[in-house]
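The opening position of the sequence shown corresponds to residue 1 in UniProt numbering, with each subsequent residue numbered one higher. For glycine and all other residues, C-beta sits at the position ideal for the given N, C-alpha and C. Quick caveat, the model's predicted, so the values are computed rather than measured. Have a look at the structure below before the remarks.
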Amino acid sequence: MATVTLNKTASDQVSKAGEHPSDATTQMAIMSISEHGAKNPNQEHEAKKKVLVDYLREASPEFAKLDALRKKASDRFSDPGVLDMMKRIGKEMQKCTGALKVKTAGWGKPQILDMGMAPGGFLAVAMELNPGAHAMGFSLPEPAGGHKVMLPDDANIDRRDLDVTMLAEDLGFTEIPSNNPDAGRIVPRQFGANQQQFDLVICGGAVVRKQERASYREAYEAHRLSASQLALGLERLRPGGTMVVLFHKVEAWGTARELYAFDGFSRARLFKPTTGHNKRSSFYMVATDVQSRHPRALRAVARWKGIWEAATFRAEGELLKAMGSGEPGAEELLEEFGEQMVRRGRKVWKIQADALERAPFMKDKRDGSDKVA
Numbered sequence: 001m002a003t004v005t006l007n008k009t010a011s012d013q014v015s016k017a018g019e020h021p022s023d024a025t026t027q028m029a030i031m032s033i034s035e036h037g038a039k040n041p042n043q044e045h046e047a048k049k050k051v052l053v054d055y056l057r058e059a060s061p062e063f064a065k066l067d068a069l070r071k072k073a074s075d076r077f078s079d080p081g082v083l084d085m086m087k088r089i090g091k092e093m094q095k096c097t098g099a100l101k102v103k104t105a106g107w108g109k110p111q112i113l114d115m116g117m118a119p120g121g122f123l124a125v126a127m128e129l130n131p132g133a134h135a136m137g138f139s140l141p142e143p144a145g146g147h148k149v150m151l152p153d154d155a156n157i158d159r160r161d162l163d164v165t166m167l168a169e170d171l172g173f174t175e176i177p178s179n180n181p182d183a184g185r186i187v188p189r190q191f192g193a194n195q196q197q198f199d200l201v202i203c204g205g206a207v208v209r210k211q212e213r214a215s216y217r218e219a220y221e222a223h224r225l226s227a228s229q230l231a232l233g234l235e236r237l238r239p240g241g242t243m244v245v246l247f248h249k250v251e252a253w254g255t256a257r258e259l260y261a262f263d264g265f266s267r268a269r270l271f272k273p274t275t276g277h278n279k280r281s282s283f284y285m286v287a288t289d290v291q292s293r294h295p296r297a298l299r300a301v302a303r304w305k306g307i308w309e310a311a312t313f314r315a316e317g318e319l320l321k322a323m324g325s326g327e328p329g330a331e332e333l334l335e336e337f338g339e340q341m342v343r344r345g346r347k348v349w350k351i352q353a354d355a356l357e358r359a360p361f362m363k364d365k366r367d368g369s370d371k372v373a
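Right under this line is the structure:
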C-alpha cells in the first residue's frame, strides 16, 4: 500500500442505599453475557452496556431512578454564558476534588495541557489557581466547526487551533496510507521530542456535530477523539500528575472500561457538577497520583493508539479487534469493579436524577417517548 511519510520536524434486589449487590445479582449479569452477540464495535458496546445496565438497575436505587427519568425527558440545557458556566463548574470541581491546583510541579513552573480548551473555562480556573503556570491548549478551529475560545490572549498559554484526532505523528504513526481521505490533513508533531511532560492534563474535548468530516469518520469519530486524547494525555503526564477526563454515562461500556483501567494505576474519583450540566449524563473522572509509567498505564496507551489507528486507517473488523484487545470481559469487570462502580456512580446518578425530576419540562412528559442523551 502506498504511504505518505510525515515530515519529522513539523442477588437479592438491593432495596436501600449502602447495600452491596448480591452474588446472585452479579452472577445473573455474568450469565447473560453469552446471550449477546456482536457484528461491529457499536453492537459490541451495546451488548456489554446492557449487561452493565441490568446489573446497575438491581444494584443501585439511584441509577434505577435516573434510568427511569431518562426515558421521560430530553436534555434541553442551554446557557448563553457558556464560559462563565464552565468557570463555575471548574471552581466547583476544585472545591470538591482539588483537581485543578497542581500540588507539586515536575520542574519549575506548573505545566498544563488542555486537549479541548474551548471555551476555556477550566483552563482559566487552572491558570488562576497556578500563578505563573505554562499551558498548551488545543482547540478545533472555528472555521472547521469548533467552538469559540473565549479566553483573552495570554503569553503563558500556547494555544494551537487543530484537530487532535489528526495528531498522527505524536501518536507514533509517521507513514499514512496515501488513499486515506485525510492524508493531507494530518497535523505535524506538536509535542517536543524531549518527552515534554505536564503536571495536569484536561481531556474535555467532545465530538462537534457541525464539523465537516470524511464519511469514514462519522461512525467512529467518538472513538477516535477519546482514544487520541487519552493516549496523548496519559503518555505526556508526569508520574504522580492529575488527569481530568470528560465522560458520559457511568454505565456505558466504553466508560466503565476506562474507569476500570484508570483504577489500576491512579486514584480515581467521579465528579458531577451541580452548578451546570447537571441534567446531562456527562461527568468527570478526576484521576490523581497517576502512575503514568506503570505497566497498566503503558498497556492502556498502547490500546488507545491501536483503537485510533484502526478507526482511522483500517476496516471495521480491525477496529473491533483493537477495541477488544487487552480489555476486560464484562464478567471480569463486574466481579472486580462492579461494587466500586455502584459506590462511585451513586452520587453522579443522583445529581442527574434530581435535576431531571425538578426540570420544568418534565411536567409535560407523560408518554415516556423522549430520552436524555
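Going by DSSP, H223 is part of the alpha helix (DSSP H) stretching over 221-235. Looking at the DSSP output, L113 bridges to M136, V201. Note on the region 277-325: whole beta strand (DSSP E) runs with a minimum of 3 residues are 282-290, in chain order. The beta carbon of E62 lies closer than 6 Å to those of R346, W349, K350 in the same chain, with the five residues before and after it left out.
Minimum Cα-Cα distance from V244 among the listed residues R238, L200, E235 corresponds to L200. Put simply, of A59, L69, L333, A118 the residue whose alpha carbon is nearest the alpha carbon of M86 is A118. Between E92 and the set N156, L56, R314, G121, the nearest pair of CA atoms involves G121. Take the alpha-carbon of G326 and the one of I89: they are about 34 Å apart.
Approximately 5 Å separates the beta-carbon atoms of V286 and F271; this is inside 8 Å, confirming the contact. T242 is bridged by DSSP to L200.
Looking at the DSSP output, H248 sits in a beta bridge with S282. If you ignore the 5 residues before and after T275, its C-beta comes within less than 7 Å of the C-beta of R88, I89, E92, all in its own chain and listed in chain order. In this structure, K65 is the residue among A47, K65, F198 with its C-alpha nearest to the C-alpha of A355.
Note on the region 130-187: whole beta strand (DSSP E) runs with a minimum of 3 residues are 134-139, 157-161, 175-177, in chain order.
Within 10 angstroms of the beta-carbon of E58 lie 16 or more other beta-carbons, which makes it buried. CA-CA distance, R238 to R358, rounds to 42 Å. The shortest CA-to-CA distance from Q190 to any of L162, N180, C203 is the one to L162. For T288, same chain residues with a beta-carbon under 6 Å away, outside a window of 5 residues either side, are T242, R267 in chain order. Between the C-alpha atoms of A126 and E339 there is a straight-line separation of about 32 Å. A Cβ-Cβ separation of about 20 Å leaves V301 out of contact with E221 under the 8 Å criterion. Minimum Cα-Cα distance from M166 among the listed residues L140, P360, L151 corresponds to L140. Counting along the chain, no beta strand (DSSP E) covers L100, and no H or E run does either.
Boundaries of the alpha helix (DSSP H) around F262: 253-262.
Contact between L113 and F198 holds, with the beta-carbon distance rounding to 4 Å and staying under 8 Å. Annotated as distal: K103 and A133, with beta-carbon spacing of 9 Å or more.
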